[in-house]
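Enquirer: Pasting a structure below so you can have a look.
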């Protein structure tokens with residue numbers, strides 16, 4: 001990267017380190033950090049939406065919808081994450097390809113399942129084998145987002161379901177007494193008030209989601225932990241300009257710092273949100289705030 | 001969700017413009033000198049050079065894909081890439097699930113690396129990478145085996161005393177012995193039937209293509225030159 005990096009063997013100290021930390025391989029690590037952050041930024045709202053839909057369905061008056069909501073939360077919460085990430089994603093990917101195969105190659109003579117092999121016609125591949133590697137990676141990334149959203153959405157649905165039931169009944173009765181319809185009561189009274197009950201559970205989920213990102217590697221997306229292990233491993237002078245011993249400890253230490261500071265920042269932010277949500281609520285926290293200001 | 005559908009649609013659209021005849025080559029990228037990730041972050045090593053040459057001879061465009069060793073076969077059969085070129089020995093067990101081209105390196109003995117040159121391996125704890133011929137060999141012999149997901153971890157286990165020795169391809173161990181007091185034991189084990197490229201059983205055409213390309217490299221001696229350059233095995 002820097003002009004003085006052409007002969008790393010002659011370098012020492014900080015100059016060497018600055019060259020070492022800017023190799024193409026280290027760029028892979030930095031990109032994976034961004035990948036993880038982007039994944040979290042997209043997954044969190046999508047999972048919350050899944051959760052909201054699940055919770056609303058679970059308390060619906062319409063029986064099949066209620067079954068759907070309850071089934072979603074109980075089944076997905078019961079399946080171990082790792083099993084979900086190993087099998088569901090491959091199944092999802094094959095499902096997409098199967099659908100495309102049916103549409104694009106209706107005259108295909110061979111079976112799709114041949115022994116162990118899953119073979120769809122070339123035009124049905126997702127993404128096409130001819131497309132560049134970044135497209136394959138983006139596709140894997142979106143599969144990851146979808147899978148994370150489904151898993152964490154189920155937990156969020158359960159949290160929101162509980163939170164909706166925790167809103168004091170008199171609040172809803174008052175709304176009805178004012179002549180609000182069911183829909184109005186739901187959107188204007190129930191939803192704004194439930195967040196304060198949901199937040200502790202949701203913040204737990206957020207923390208778990210941050211720590212679950214290394215599961216990405218199971219989905220073929222190179223995550224931070226993969227790169228830390230790869231970069232930290234012993235490097236022989238035959239294959240690299242920057243030979244070193246087993247440095248995994250340092251890389252994992254850096255990961256520790258990254259995850260701890262990330263969760264710390266999250267805690268501070270969540271604390272602030274909690275304070276704002278508590279304002280004016282008929283909870284002990286809201287009461288304490290009122291007294292402090294009075 | 002809507003965003004996802006949109007992006008999937010966009011992907012499908014973009015993907016439609018690319019041309020066909022790209023072969024995706026799956027490798028592990030953690031097994032020097034066979035395959036590893038170089039300083040620039042690209043896949044490098046004996047198999048990178050071999051694979052590129054084979055593709056040139058077969059008039060194919062090849063794209064390299066990194067995949068974890070553990071899931072390298074499942075991802076081949078489900079179609080995420082088209083070949084495995086990752087120092088994988090041809091064994092009867094693997095041959096039931098996938099097919100192999102002819103071997104591109106001859107069968108070579110596996111070696112042990114340990115801190116103590118006089119170690120009796122039969123009484124010791126031996127480390128090996130999971131799902132390799134070496135792990136299967138130790139399990140069959142009934143010795144004490146600890147498995148690790150990556151080659152790097154098997155060597156680290158010997159360094160920190162968790163295992164007494166590591167059993168692996170000699171060419172890989174050559175890259176790690178000499179530092180931190182690691183030495184090769186004199187004892188070697190003749191296991192495995194040479195290293196070949198893995199392809200799907202339904203993909204006989206591709207197998208024949210690569211078979212022919214490997215044969216042509218054997219015939220004109222370029223394969224031997226490549227083997228000598230990277231010191232991966234004995235000569236043909």
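Chains as they are written, first to last, in full-length UniProt numbering: chain U, 1 to 294; chain A, 1 to 236.
C-beta: ideal position from N, C-alpha, C; glycine also.
Since we're looking at a predicted model, the values are computed, not measured.
With a cut-off of 8 Å, does the C-beta of residue 84 (chain U) fall near any C-beta of chain A?
Expert: no
Enquirer: Kindly give me the distance between the Cβ atoms of residue 177 (chain A) and residue 113 (chain A), rounded to whole angstroms, as I take these residues to be in contact under 8 Å.
Expert: 5 Å
Enquirer: Measure the alpha-carbon distance for residue 219 (chain A) versus residue 61 (chain A) and round it to whole angstroms.
Expert: For residue 219 (chain A) and residue 61 (chain A), the distance between alpha carbons rounds to 23 Å.
Enquirer: Expressed to the nearest angstrom, what Euclidean distance is found between the alpha-carbon atoms of residue 104 (chain U) and residue 98 (chain U)?
Expert: Rounded to whole angstroms, residue 104 (chain U) and residue 98 (chain U) show a C-alpha spacing of 10 Å.
Enquirer: Determine the chain U residues that contact residue 116 (chain A) at a beta-carbon separation under 7 Å, and present them in chain order.
Expert: The premise fails here: residue 116 (chain A) is roughly 19 Å from chain U at the closest Cβ pair, so nothing lies under 7 Å.
Enquirer: Taking beta-carbon pairs under 9 Å, can you tell me which members of the segment 184 to 218 of chain A lie near chain U?
Expert: 200, 201, 202 and 203
Enquirer: Confirm, please, whether the CB-CB distance from residue 58 (chain U) to residue 157 (chain U) is below 8 Å.
Expert: Residue 58 (chain U) is positioned such that its CB atom lies closer than 8 Å to that of residue 157 (chain U).
Enquirer: Give me the subset of the segment 87 to 109 of chain A whose CB atoms are less than 9 Å from a CB atom of chain U, sorted by chain position.
Expert: 96, 97 and 98
Enquirer: Looking only at its own chain, which residues have a Cβ that is under 7 Å from the Cβ of residue 148 (chain A), when we skip the five neighbours before and after it?
Expert: 127, 129, 130, 154 and 157
Enquirer: Under 8 Å, with one C-beta from each stretch per pair, do the segment 199 to 214 of chain A and the segment 109 to 121 of chain U reach the 3-pair mark?
Expert: yes
Enquirer: Along the chain, where does the beta strand (DSSP E) that runs through residue 25 (chain A) open and close?
Expert: It spans 22 to 27 - the beta strand (DSSP E) in which residue 25 (chain A) sits, taken as one unbroken run.
Enquirer: Is it true that the CB of residue 213 (chain A) sits closer than 8 Å to the CB of residue 58 (chain A)?
Expert: yes
Enquirer: For the candidate residues A:190, A:173, A:208 and A:189, whose alpha-carbon lies nearest to that of residue 231 (chain A)?
Expert: Of all alpha-carbon atoms in A:190, A:173, A:208 and A:189, the one lying nearest the alpha-carbon of residue 231 (chain A) is that of A:173.
Enquirer: Would you give the residue range spanned by the beta strand (DSSP E) that residue 137 (chain U) belongs to?
Expert: First-last for residue 137 (chain U): 133 to 166, but that is the alpha helix (DSSP H), not the beta strand (DSSP E).
Enquirer: Please state whether the Cβ-Cβ distance between residue 171 (chain A) and residue 89 (chain A) is less than 8 Å.
Expert: no
Enquirer: Check whether chain A comes within 8 Å of residue 119 (chain U), counting only Cβ atoms and requiring the distance to be less than that.
Expert: yes
Enquirer: At a cut of 8 Å, does the segment 182 to 189 of chain U reach the segment 228 to 240 of chain U through at least three beta carbon pairs?
Expert: no
Enquirer: To the nearest angstrom, how far is the alpha carbon of residue 83 (chain U) from that of residue 67 (chain U)?
Expert: Looking at the two C-alpha atoms, the distance is approximately 24 Å.
Enquirer: Ends of the alpha helix (DSSP H) at residue 75 (chain A)?
Expert: 72 to 77
Enquirer: Closer than 7 Å by beta-carbon distance: list the chain U residues that pair up with residue 63 (chain A), in chain order.
Expert: 133
Enquirer: If we ignore side chains and look at the alpha-carbon of each, how far apart do residue 268 (chain U) and residue 42 (chain U) end up?
Expert: 21 Å
Enquirer: So, are the CB atoms of residue 89 (chain U) and residue 147 (chain U) less than 8 Å apart?
Expert: Yes, these two residues count as a Cβ contact at 8 Å.
Enquirer: Using beta carbons (cut-off 8 Å, strictly below), is residue 124 (chain A) in contact with chain U?
Expert: no
Enquirer: Cβ closer than 8 Å: which chain A residues qualify as neighbours of residue 242 (chain U)?
Expert: 39
Enquirer: Looking at the structure shown, is residue 36 (chain A) part of a helix, part of a strand, or coil, going by DSSP?
Expert: In this structure, residue 36 (chain A) counts as strand in the three-state DSSP scheme.
Enquirer: Starting from residue 41 (chain U) and walking both ways along the alpha helix (DSSP H), at which residues does that stretch end?
Expert: 24 to 58
Enquirer: Closer than 7 Å by beta-carbon distance: list the chain U residues that pair up with residue 22 (chain A), in chain order.
Expert: 129 and 130
Enquirer: For residue 148 (chain A), list the residues DSSP reports as bridge partners.
Expert: BP columns for residue 148 (chain A) point to A:129.
Enquirer: Distance check for residue 284 (chain U) and residue 196 (chain U), CA to CA, integer angstroms please.
Expert: 11 Å
Enquirer: Classify residue 33 (chain A): buried if its beta carbon has 16 or more other beta carbons within 10 angstroms, exposed otherwise.
Expert: buried
Enquirer: What residue range does the alpha helix (DSSP H) around residue 112 (chain A) cover?
Expert: Note, residue 112 (chain A): premise wrong, no alpha helix (DSSP H); beta strand (DSSP E) at 110 to 114.
Enquirer: Excluding five sequence neighbours on each side, which residues of the same chain lie with their C-beta closer than 8 Å to the C-beta of residue 225 (chain A)?
Expert: none
Enquirer: Span of the alpha helix (DSSP H) holding residue 165 (chain A)?
Expert: That residue, residue 165 (chain A), is in no alpha helix (DSSP H); its beta strand (DSSP E) goes 165 to 169.
Enquirer: Taking Cβ-Cβ distances shorter than 7 Å, what residues in chain U pair up with residue 48 (chain A)?
Expert: The contacting residues do not exist; residue 48 (chain A) stays about 12 Å from chain U at best.
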